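Here's the structure we're looking at; comments come further down.
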DNA sequence: GACCTTTTGACAATGGTTGTCATGCTACAT
DNA sequence: ATGTAGCATGACAACCATTGTCAAAAGGTC
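See below:
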């Protein structure tokens, strides 16, 4: 309902944005602005921290990357493979991410919203767990 | 699986904790540590900000309050009415909160997790929208 | 190349949250 | 009631992610 279709404001192509884009392309899992900045530094491509923040924010606003708040309150970004709305299941130890679509959940949230008269609803849903690989490593039984 | 049942560490009862508890009891919606601290000040019950943070954190650790990260990354707390796992639908403008239980969602997340071999899963789900009252006020049609 | 805008970057500023540590208070034993 | 031990408190500094500032640099155009 009312999906303000701003055709994504035209932007200039700069070395810095290309660099951020590149890292996002190569990175499978969620990454924080700070980490991304650190990686750029490592590669010798010096980009201002503020610029990284601005670039990621712009990408997020345009829906070209997914944003996720970690438990610590930091923002993490990730290039989304699919355009439609979807969610993520993230591994607590290695960060491996699985994109998941849940039509059922979408329907459910909508019905709940309608039931209570809420309009213009959105929602966030993230699943955290331990992926098979990490589970296998850190000892099967004897949790910790 | 391994629900580390720490019987809630015994704690001393202090004036400050009682004060925080009281505010939580009276507050229907999510409230940030800062706001809670401000309220205490208003009432003349001076409690250190650090103490408010510590108290809320402890309560959250013990599962006696729900924690929610706002879009801005701030933590908001709320006494949960029900003990079992549940979610919230929060109004963007007035903060009115509805507690909702979604057995279907729980089952869905579990099946998704199992499907991908993830174990020890947890999840966060929050719904944001505009409650009927606020929707009525801020003009029906002509969004903004 | 000249020109106008957008973008960048270094750094300050902000704002929430946590750490520090001397002092205060609770709980419990005397 | 008094003493005692140790957790709790509070004032403030320290942190850390993020945002604001603004002059200098780069992109796009003519």
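Protein chains in written order, with my numbering: chain A, 1 to 144; chain B, 145 to 288.
No residue lacks a Cβ here, since even glycine has one placed at the ideal position from N, Cα and C.
All values derive from a computational prediction rather than experimental measurement.
Which residues in chain A have a C-beta closer than 7 Å to the C-beta of residue i? List them in chain order.
{"i": "residue 195 of chain B", "result": "Result: empty, since nearest Cβ-Cβ is about 20 Å, beyond 7 Å."}
{"i": "residue 279 of chain B", "result": "119"}
Which residues does DSSP list as the beta-bridge partners of residue i?
{"i": "residue 69 of chain A", "result": "A:75"}
{"i": "residue 273 of chain B", "result": "B:235"}
{"i": "residue 99 of chain A", "result": "A:88"}
So, helix, strand or coil for residue i, using DSSP?
{"i": "residue 196 of chain B", "result": "helix"}
{"i": "residue 143 of chain A", "result": "Note that residue 143 of chain A scores a pLDDT of 43, beneath 50, so its modelled location is shaky; the value from the coordinates is reported in the next line. Coil, per DSSP."}
{"i": "residue 134 of chain A", "result": "helix"}
{"i": "residue 234 of chain B", "result": "strand"}
{"i": "residue 84 of chain A", "result": "coil"}
{"i": "residue 120 of chain A", "result": "strand"}
{"i": "residue 32 of chain A", "result": "strand"}
{"i": "residue 112 of chain A", "result": "helix"}
{"i": "residue 158 of chain B", "result": "coil"}
{"i": "residue 206 of chain B", "result": "coil"}
{"i": "residue 167 of chain B", "result": "helix"}
{"i": "residue 47 of chain A", "result": "coil"}
{"i": "residue 148 of chain B", "result": "Model confidence at residue 148 of chain B stands at a pLDDT of 49, short of 50, so the residue's coordinates are unreliable; what they give is reported in the following sentence. DSSP places residue 148 of chain B in coil when its eight states are reduced to three."}
Give me the Cα-Cα distance between residue i and residue j, rounded to the nearest whole angstrom.
{"i": "residue 207 of chain B", "j": "residue 178 of chain B", "result": "20 Å"}
{"i": "residue 205 of chain B", "j": "residue 11 of chain A", "result": "45 Å"}
{"i": "residue 72 of chain A", "j": "residue 213 of chain B", "result": "9 Å"}
{"i": "residue 74 of chain A", "j": "residue 65 of chain A", "result": "16 Å"}
{"i": "residue 113 of chain A", "j": "residue 58 of chain A", "result": "29 Å"}
{"i": "residue 83 of chain A", "j": "residue 25 of chain A", "result": "15 Å"}
{"i": "residue 31 of chain A", "j": "residue 131 of chain A", "result": "18 Å"}
{"i": "residue 137 of chain A", "j": "residue 54 of chain A", "result": "38 Å"}
{"i": "residue 176 of chain A", "j": "residue 15 of chain A", "result": "Because chain A in this structure spans residues 1 to 144, residue 176 of chain A falls outside the shown range and cannot be described."}
{"i": "residue 42 of chain A", "j": "residue 49 of chain A", "result": "13 Å"}
{"i": "residue 146 of chain B", "j": "residue 262 of chain B", "result": "Residue confidence is low: residue 146 of chain B scores 49 on pLDDT, short of 50, so the model does not pin down where it sits. No coordinate-derived value is stated."}
{"i": "residue 107 of chain A", "j": "residue 251 of chain B", "result": "15 Å"}
{"i": "residue 259 of chain B", "j": "residue 188 of chain B", "result": "54 Å"}
{"i": "residue 27 of chain A", "j": "residue 171 of chain B", "result": "43 Å"}
{"i": "residue 157 of chain B", "j": "residue 211 of chain B", "result": "22 Å"}
{"i": "residue 247 of chain B", "j": "residue 180 of chain B", "result": "32 Å"}
{"i": "residue 81 of chain A", "j": "residue 255 of chain B", "result": "22 Å"}
Give me the chain A residues within the contact set of residue i, using Cβ-Cβ distance strictly less than 8 Å, ordered along the chain.
{"i": "residue 271 of chain B", "result": "109, 112, 113, 118, 121, 122, 123"}
{"i": "residue 217 of chain B", "result": "69, 73, 74, 75"}
Enumerate in chain order the residues of its own chain whose CB-to-CB distance from residue i is below 6 Å, with the five nearest sequence positions on each side excluded.
{"i": "residue 200 of chain B", "result": "177, 221"}
{"i": "residue 86 of chain A", "result": "99, 101"}
{"i": "residue 29 of chain A", "result": "95, 97"}
Chain B partners of residue i, CB-CB under 7 Å?
{"i": "residue 98 of chain A", "result": "260"}
Leaving out the 5 sequence neighbours to the left and right, which residues in its chain are closer than 7 Å to residue i when beta-carbon positions are compared?
{"i": "residue 125 of chain A", "result": "87, 105"}
{"i": "residue 253 of chain B", "result": "265, 267"}
{"i": "residue 237 of chain B", "result": "274, 278"}
{"i": "residue 223 of chain B", "result": "168, 169, 209"}
Please go through the same chain and pick out, in chain order, the residues whose beta-carbon is closer than 8 Å to the beta-carbon of residue i, but skip the five residues on each side of it.
{"i": "residue 184 of chain B", "result": "163, 164, 167, 190, 191, 196"}
{"i": "residue 127 of chain A", "result": "87, 88, 89, 90, 100"}
{"i": "residue 17 of chain A", "result": "11, 55"}
At a CB-CB cut-off below 8 Å, which residues of chain B make contact with residue i?
{"i": "residue 94 of chain A", "result": "Result: empty, since nearest Cβ-Cβ is about 11 Å, beyond 8 Å."}
{"i": "residue 103 of chain A", "result": "Those within 8 Å of residue 103 of chain A in chain B number zero; the least Cβ separation is about 10 Å."}
{"i": "residue 80 of chain A", "result": "None at all; the shortest Cβ gap to chain B is about 17 Å."}
Can you pull the chain A residues whose beta carbon is under 9 Å from the beta carbon of residue i, in chain order?
{"i": "residue 177 of chain B", "result": "None at all; the shortest Cβ gap to chain A is about 12 Å."}
{"i": "residue 233 of chain B", "result": "109, 112, 113, 116, 118, 121, 123"}
Just to confirm, does residue i get its C-beta within under 6 Å of one of the non-hydrogen atoms of the ligand COA?
{"i": "residue 248 of chain B", "result": "Annotation note on the ligand COA: not contained in the displayed structure, which lists no ligands."}
Which residues of chain B have a Cβ atom closer than 9 Å to the Cβ of residue i, listed in chain order?
{"i": "residue 130 of chain A", "result": "262, 263, 264, 265"}
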